[in-house]
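Colleague:
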Amino acid sequence: MPAPNVKSTARQLHRLHPLPLRIMHWINAVAIFIMIGSGWKIYNDDAIFGILHFPDALVIGKWAQYGLQWHFFGMWIFVLNGIAYLSYGIATARFRRKLFPISVRDVLATVADALRFRLGHDDLTHYNGVQKVLYLGVMMVGILIVITGLCLWKPVQFSELANLFGSFQTIRLIHFLCMSVIVAFILVHVTLALLVPRSLLTMLTGGPVVDDANAAAVAAHGGEATR
Amino acid sequence: MPIRTRTSSLFRPLKPADQSVFYANRRLVEDIDRRGILRGALSLGALTMLTGCDVSEDDSVQKVLRAVSAWNDRVQETIFRPNHLARTYSPSQVVKPPRFNAHFPIEDVKPIDGATWQLEFAGLIGDKRPWTAQQIYQFPEQDIIIKHICVEGWDYIGQWSGPNLRAFLERVGADLTAKYVYFICADDYTESIDMPTALHPQTILATKYAGDTLADPFGYPLRLRTSTKLGYKNAKWIKAIEVTNTFSETFWSKQGFNWFAGI
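Residue numbers (my numbering), protein chains in the order written: chain A, 5 to 231; chain B, 14 to 276.
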């Protein structure tokens, strides 16, 4: 007996956040936590901005070598999981469906709504313009932080790549700025997830069943698909 | 566990230590949980500093992190390009004097008497007769202006001259198919590099900085300079070189820093 909500084999029914995606999301959360905490420890040994030091309570690794060990352990998780996530997003067309097209008008309208505190979160299956820009942007920064990380790890072996960015200190600065952007993203991302707890829940449970064919929610939140 | 000795090395005793005391008191010795004592001491230290606990110090966590670090050594060996040269710079960019770095402050540097100093050899080396500083100064000199990158993140451009390590190892009849070259230093520092790095064209035994004899704080009379390793691999105040196939931990790797430390 097929499930009652499967109406047509042509439709692709799955959760809003399929299981592989949820697993990768949370692995990424752990990896990012390790990379940022240990990165701050490494930063503290030779601050780029003299006055900026990360408090001991916020860094991972009490001594320099522990920070380094965590960073060069976490990098494997972050990179391998990141490659899996990007491949999945492209192969399943999730990125194309969820993040495109991006219209300037949509982005501006979302910003205007946000400024007037009229931002709607009823439909979790649809990303607004700002969300699209932020998710795509943080993915790009994620790729850049890995590339600059490789250049810092192997400035001589990967000198051709490193030369595209500049001197060792320039690459350090770019790597640091990428981290800053990711931290800013996480602050916004986590704040909004906590303000709309249902969105946090869907990243655990998978959320409503959606049908890719018409991008509409057909099960739990069926009525919210049209805005 | 019996204590093994390798008589082939200068730096290990010819006669093994008397182990009868250990066997007579084996049970007592094994009862002492050194790690427990260390952990206790570190926990107390952490309490006094009020920084909370650090899971990094946990034995099982360290085991995993060090296993990954060892895996990263293998990855770096694979990535290493034996003939790929690091960028070199012009004499006008050389920082004078070089930046001091060691595991102790500069005031604690113990100058070496170059007149009595000798470079000794051990392991898989054909001609183990020691070299005096004068003999080393007469060896053909290579001059490189390269960047020194410290694991902490800072860097500077330095000009180093001295015997090319590959040419020097060939001269003393070292087995170039061996795995490691160890440097034993006057400050109880040991450092070792993989043979491919030892044979890299930009790996030298430096006797000079910016054209002048090395100053005491920077490794007089002899130090290693290679363009493909982090700063701490560049041993200073070298007093002996050993070529071997046996891996043993070095000053920083014992403390958890990555051994290969390639750049």
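A virtual CB, placed ideally from N, CA and C, is assigned to each residue, including glycine.
#1: How about Thr-64 (chain B): is its C-beta nearer than 7 Å to some C-beta of chain A?
#2: When you compare the CB positions of Asn-177 (chain B) and Gln-151 (chain B), do they come within less than 7 Å of one another, or not?
#3: What's the C-alpha gap between Thr-263 (chain B) and Gly-136 (chain B)?
#4: To which residues does DSSP link Val-194 (chain B) through a beta bridge?
#5: Contact criterion: CB-CB distance below 7 Å. Does Asp-117 (chain A) meet it with respect to chain B?
#6: Quick one: which chain A residues come within Cβ less than 9 Å of Asp-71 (chain B)?
#7: Any Cβ of chain A within less than 7 Å of the Cβ of Phe-270 (chain B)?
#8: Val-160 (chain A) CB to nearest chain B CB: under 7 Å?
#9: Between Met-143 (chain A) and Tyr-89 (chain A), what straight-line distance do the alpha-carbon atoms span, to the nearest angstrom?
#10: Kindly provide the ranges of any alpha helix (DSSP H) runs that are 4 or more residues long and lie completely inside the segment 164-219 of chain A, ordered along the chain.
#11: Check each candidate in B:Ile-217, B:Asp-200 and B:Arg-112 and name the one with the smallest Cα separation from Ile-206 (chain B).
#12: Would you report the Cα separation of Thr-96 (chain A) and Val-150 (chain A), rounded to the nearest angstrom?
#13: Taking only the alpha-carbon atoms, compute the straight-line gap between Gly-269 (chain B) and Tyr-70 (chain A) and give it to the nearest angstrom.
#14: What does the alpha-carbon distance come out to for the pair Ser-261 (chain B) and Tyr-195 (chain B)?
#15: If Asp-229 (chain B) and Val-122 (chain B) are in contact, beta carbons under 8 Å, what's the gap, nearest whole angstrom?
#16: For the segment 52-102 of chain A, which segments carrying the alpha helix (DSSP H) assignment without a break, of at least 4 residues, lie completely within its bounds, in sequence order?
#17: Quick one: using the 10 Å Cβ neighbour count with 16 as the cut-off for buried, is Gly-65 (chain B) buried or exposed?
#18: Can you give the Cα-Cα distance for Ala-188 (chain A) and His-75 (chain A), rounded to whole angstroms?
#19: Determine whether the Cβ of Asp-49 (chain A) lies closer than 7 Å to any Cβ atom of chain B.
#20: Could you check whether Arg-236 (chain B) and Lys-246 (chain B) sit closer than 7 Å to each other, using their CB atoms as the reference points?
#21: Between Ser-171 (chain A) and Thr-190 (chain B), what straight-line distance do the alpha-carbon atoms span, to the nearest angstrom?
#22: Which residue from B:Asp-67, B:Gln-32 and B:Gly-275 puts its Cα closest to that of Ser-163 (chain A)?
#23: Have a look at Ser-240 (chain B) and Lys-160 (chain B) and give me their C-alpha separation to the nearest angstrom.
#24: Just tell me which of B:Ile-158, B:Ile-157 and B:Thr-129 has its CA closest to the CA of Trp-144 (chain B).
#25: Find the residues of chain B that neighbour Phe-170 (chain A), judging by a C-beta separation of less than 9 Å, and give them in chain order.
#26: What is the DSSP secondary structure of Ile-106 (chain A), reduced to helix, strand or coil?
#27: For chain A, check one thing: does any of its Cβ atoms lie closer than 7 Å to the Cβ of Ala-277 (chain B)?
#28: For Asn-177 (chain B), does the three-state DSSP call read helix, strand or coil?
#29: Going by C-alpha to C-alpha distance, which of A:Val-34, A:Ile-31 and A:Lys-66 sits closest to Asn-48 (chain A)?
#30: By the DSSP assignment, the beta strand (DSSP E) with Glu-133 (chain B) in it spans what residues?
#31: Return the residues of the segment 49-72 of chain A that lie within a Cβ-Cβ distance of less than 9 Å from chain B, sorted by chain order.
#32: Helix or strand or just coil, what does DSSP make of Tyr-169 (chain B)?
#33: Would you tell me roughly how many angstroms separate the C-alpha atoms of Gly-43 (chain A) and Asp-140 (chain B), rounded to the nearest one?
#34: Please report the distance separating the alpha-carbon of Thr-96 (chain B) from that of Pro-214 (chain B).
#35: If we call anything under 7 Å between Cβ atoms a contact, is Val-256 (chain B) one with Ala-187 (chain B)?
#36: Put Arg-184 (chain B) into one of helix, strand or coil per three-state DSSP.
Modeller: Walking through what the data contain:
#1: At Thr-64 (chain B), the pLDDT of 45 sits below 50, so the modelled position is not reliable and the matter cannot be decided from this model.
#2: At a Cβ-Cβ threshold of 7 Å, Asn-177 (chain B) and Gln-151 (chain B) do not count as neighbours.
#3: 17 Å
#4: B:Ile-206 and B:Val-256
#5: no
#6: Per Cβ cutoff of 9 Å: no residues; Asp-71 (chain B) is ~11 Å from chain A at best.
#7: yes
#8: Chain B contact via Cβ: present.
#9: 10 Å
#10: 172-199 and 201-209
#11: The option with the nearest alpha carbon to Ile-206 (chain B) is B:Ile-217.
#12: 24 Å
#13: 7 Å
#14: Those two C-alpha atoms are separated by around 9 Å.
#15: 5 Å
#16: If we require 4 residues or more, the alpha helix (DSSP H) runs fully inside the segment 52-102 of chain A come out as 68-95.
#17: For Gly-65 (chain B), the predicted structure reports a pLDDT of 46, less than 50, and the residue's modelled location is therefore unreliable. A value from the coordinates is still provided. Per the 10 Å Cβ criterion, exposed.
#18: 20 Å
#19: Yes, Asp-49 (chain A) counts as interfacial toward chain B.
#20: no
#21: 35 Å
#22: B:Gly-275
#23: The straight-line gap separating the alpha-carbon atoms of Ser-240 (chain B) and Lys-160 (chain B) is approximately 7 Å.
#24: B:Thr-129
#25: The identity of residue 170 (chain A) in the sequence shown is Gly, whereas the question assumes Phe. The premise fails here: Gly-170 (chain A) is roughly 12 Å from chain B at the closest Cβ pair, so nothing lies under 9 Å.
#26: coil
#27: The displayed coordinates of chain B run from 14 to 276. Any statement about residue 277 (chain B) would go beyond what the structure contains.
#28: strand
#29: A:Lys-66
#30: 131-136
#31: Asp-49, Asp-50, Ala-51, Ile-52, Asp-60, Ala-61, Ile-64, Gly-65, Lys-66, Trp-67, Ala-68, Gln-69, Tyr-70, Gly-71 and Leu-72
#32: It is a strand residue.
#33: The alpha-carbon atoms of Gly-43 (chain A) and Asp-140 (chain B) are separated by roughly 47 Å.
#34: According to the sequence provided, residue 96 (chain B) is Asn. The question's Thr does not apply to it. So the two alpha carbons sit approximately 7 Å from each other.
#35: yes
#36: helix
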